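Residue numbers (the working numbering): 40 to 176. Think of the CB as a built atom: it goes at the ideal place given N, C-alpha and C, for glycine as much as any other residue. These numbers come from a predicted model, not from an experiment. Structure record follows, encoded as structure tokens.
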Ligand SMILES: Nc1ncnc2c1ncn2[C@@H]1O[C@H](COP(=O)(O)OP(=O)(O)OP(=O)(O)O)[C@@H](O)[C@H]1O
Ligand SMILES: [Mg+2]
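What follows is the structure in structure tokens.
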């Protein structure tokens, strides 16, 4: 049997790219045996990170990598852009903080629904968010 590639990359610029990335992630999670609720959480995390790229950075990419370990399998989602970056990461991760007149729940909400969450940013150099969701089984 042929295995699908372990790393998928979706360029993000338009709303349609957000939808494509979300669908790729959901499909990959399903293929890997993630529960239905966990598939939905993977899709939601991808949507939030990709939407932030469209809104705040104009363009970037979402990379999905499969992580195989003896006892579990995971999906690592990396969202990268070279936009303006985030000056105050602590504020950006707080519930309700938004510079875009939105709910300000994307990053803190994403952090709560994944197993590992890492964000780095330098003003002027963009943002890299890396999250991992492990499948429970
Ligand atoms: N890729 C990014 N580049 C630059 N700034 C970002 C990026 N992602 C998030 N931010 C900043 O962090 C803030 C918080 O992001 P978060 O996704 O939590 O909330 P939001 O996008 O404002 O609202 P919501 O996601 O609830 O619609 C944003 O308002 C923005 O200032
Ligand atoms: Mg957001």
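{"Asked": "Using the Cβ count rule (16 or more neighbours within 10 Å means buried), how would you classify residue 163?", "Found": "exposed"}
{"Asked": "Can you tell me the Cβ-Cβ gap for residue 28 and residue 101, rounded? I've got them flagged as a contact below 8 Å.", "Found": "The requested residue 28 is not part of the displayed model; the chain covers only 40 to 176."}
{"Asked": "Whose CB is closer than 7 Å to a heavy atom of ligand 2? List the residues in chain order.", "Found": "87, 90, 91, 94, 141, 145, 146"}
{"Asked": "Cα separation between residue 87 and residue 173?", "Found": "18 Å"}
{"Asked": "Locate the beta strand (DSSP E) running through residue 125, then write down its first and last residues.", "Found": "Per DSSP, residue 125 belongs to no beta strand (DSSP E) and is neither H nor E."}
{"Asked": "Where does residue 169 sit, in a helix, a strand or coil, going by DSSP?", "Found": "strand"}
{"Asked": "Which residue marks the beginning of the alpha helix (DSSP H) containing residue 98, and which one marks its end?", "Found": "Residue 98 -> no alpha helix (DSSP H), and no H or E assigned at all."}
{"Asked": "Compute the minimum distance between the beta carbon of residue 162 and the heavy atoms of ligand 1, and state whether it is under 7 Å.", "Found": "no"}
{"Asked": "Would the stretch 69–83 and the stretch 125–142 be scored as touching if the rule is three or more Cβ pairs under 8 Å?", "Found": "no"}
{"Asked": "Any heavy atom of ligand 1 within a distance shorter than 7 Å of the CB on residue 138?", "Found": "yes"}
{"Asked": "Have a look at residue 56 and residue 90 and give me their C-alpha separation to the nearest angstrom.", "Found": "9 Å"}
{"Asked": "Residue 115 to residue 69, Cα distance in whole Å?", "Found": "14 Å"}
{"Asked": "State the DSSP-derived secondary structure class of residue 47, mapped to helix, strand or coil.", "Found": "strand"}
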